[in-house]
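Taken in order, these protein sequences are the chains called A and B. With positions in the first sequence counted from 1, the corresponding number in this note's numbering is that position plus 393. With positions in the second sequence counted from 1, the corresponding number in this note's numbering is that position plus 83. Taking it in order: structure first as structure tokens, then the write-up.
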Amino acid sequence: DAKTTQPNSMESNEEEPVHLPCNHSTISGTDYIHWYRQLPSQGPEYVIHGLTSNVNNRMASLAIAEDRKSSTLILHRATLRDAAVYYCILIGNQFYFGTGTSLTVIP
Amino acid sequence: DTGVSQNPRHKITKRGQNVTFRCDPISEHNRLYWYRQTLGQGPEFLTYFQNEAQLEKSRLLSDRFSAERPKGSFSTLEIQRTEQGDSAMYLCASSLADGPQPQHFGDGTRLSIL
């Protein structure tokens with residue numbers, strides 16, 4: 394099964410950009426890259442997804458490497474409400490979440 | 084906005100008892116997923132339905148677990164003869180079936196086994 398690898402934790406200062414990396418070296422050609430985030434005591438929340446091209450929405454941007462073996466979620470200006478666990482998952486992979494990256498935002 | 088609803092939010096039961104959880108998906112969503120999440124871990128996929136058909140089941144779903152979606156709307160997840168290791172958050176999500184659609188999650192049912 395294709396899996397994803399993310400750092401366990403990251404810190405960012407408030408109002409600065411945050412780049413959250415994800416490695417998925419065994420991604421298949423038809424796998425979409427999805428990002429979710431989860432606050433304590435809540436279910437995961439969809440953030441963004443893409444296949445090959447970079448994607449932007451109101452929450453974040455997704456940068457996908459040309460070989461698709463890695464991707465980066467970009468939060469352009471971190472706020473305290475962005476503190477959460479961020480998961481990178483491959484759809485087509487039995488929805489494997491991994492342990493995610495716990496993002497701490499420092500005021 | 085009626086999102087995914089899960090009931091109950093918390094369930095405490097004694098080991099060996101049976102428990103049943105309910106999930107009401109977003110009304111136009113024909114895919115429904117069940118996950119289990121333990122402390123410090125990401126959600127683990129259990130099973131999913133497209134309409135009333137159960138299309139995939141994880142090896143995690145032992146014979147004590149059964150899920151149904153009889154009319155293609157709400158779903159139930161039953162655990163028989165609960166064990167200590169079943170203590171977890173059980174999450175439900177729903178999505179449209181076409182393409183790689185985002186999954187919308189409920190806030191889960193937290194199961195505690197005494």
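Think of the CB as a built atom: it goes at the ideal place given N, C-alpha and C, for glycine as much as any other residue.
Among the residues of its own chain, which have a CB less than 6 angstroms from the CB of residue i, if the five just before and after it don't count?
| i | result |
| --- | --- |
| Pro108 (chain B) | Val87, Leu115, Ser177 |
| Asn450 (chain A) | Ile441 |
| Leu468 (chain A) | Val411, Ala453, Asp475 |
Looking at the unbroken beta strand (DSSP E) that takes in residue i, where does it start and where does it end?
| i | result |
| --- | --- |
| Glu139 (chain B) | 136–140 |
| Gln124 (chain B) | Segment: none, Gln124 (chain B) is in no beta strand (DSSP E) and carries neither H nor E. |
| Ala456 (chain A) | 454–457 |
With a CB to CB cut of under 8 angstroms and the five nearest residues on each side skipped, what residues in its chain are close to residue i?
| i | result |
| --- | --- |
| Leu144 (chain B) | Leu129, Thr130, Ala150 |
Residue i to residue j, Cα distance in whole Å?
| i | j | result |
| --- | --- | --- |
| Pro410 (chain A) | Lys140 (chain B) | 39 angstroms |
| Ala456 (chain A) | Pro437 (chain A) | 21 angstroms |
| Lys94 (chain B) | Ala458 (chain A) | 44 angstroms |
| Tyr425 (chain A) | Leu444 (chain A) | 5 angstroms |
| Thr159 (chain B) | Phe488 (chain A) | 20 angstroms |
| Glu127 (chain B) | Gln120 (chain B) | 6 angstroms |
| His417 (chain A) | Lys462 (chain A) | 5 angstroms |
By a C-beta neighbour count over all protein chains shown, 10 Å radius and 16 as the cutoff for buried, is residue i buried or exposed?
| i | result |
| --- | --- |
| Asp460 (chain A) | exposed |
| Ser405 (chain A) | buried |
| Asp181 (chain B) | exposed |
| Ile196 (chain B) | buried |
| Gln100 (chain B) | exposed |
| Ser110 (chain B) | exposed |
Pop quiz: residue i and residue j are said to be a contact at Cβ under 8 angstroms. What is the actual Cβ separation, rounded to whole angstroms?
| i | j | result |
| --- | --- | --- |
| Thr398 (chain A) | Gln124 (chain B) | Contact doesn't hold; Cβ gap of about 15 angstroms is too wide. |
| Tyr118 (chain B) | Leu174 (chain B) | 4 angstroms |
Excluding sequence positions up to five away, which residues of its chain have a Cβ less than 7 angstroms from the Cβ of residue i?
| i | result |
| --- | --- |
| Pro185 (chain B) | Ser178 |
| Thr484 (chain A) | Residue identity check: residue 484 (chain A) is Ile in the sequence provided, not Thr. Within the same chain, Ile484 (chain A) has close Cβ partners Asp424, Tyr425, His427. |
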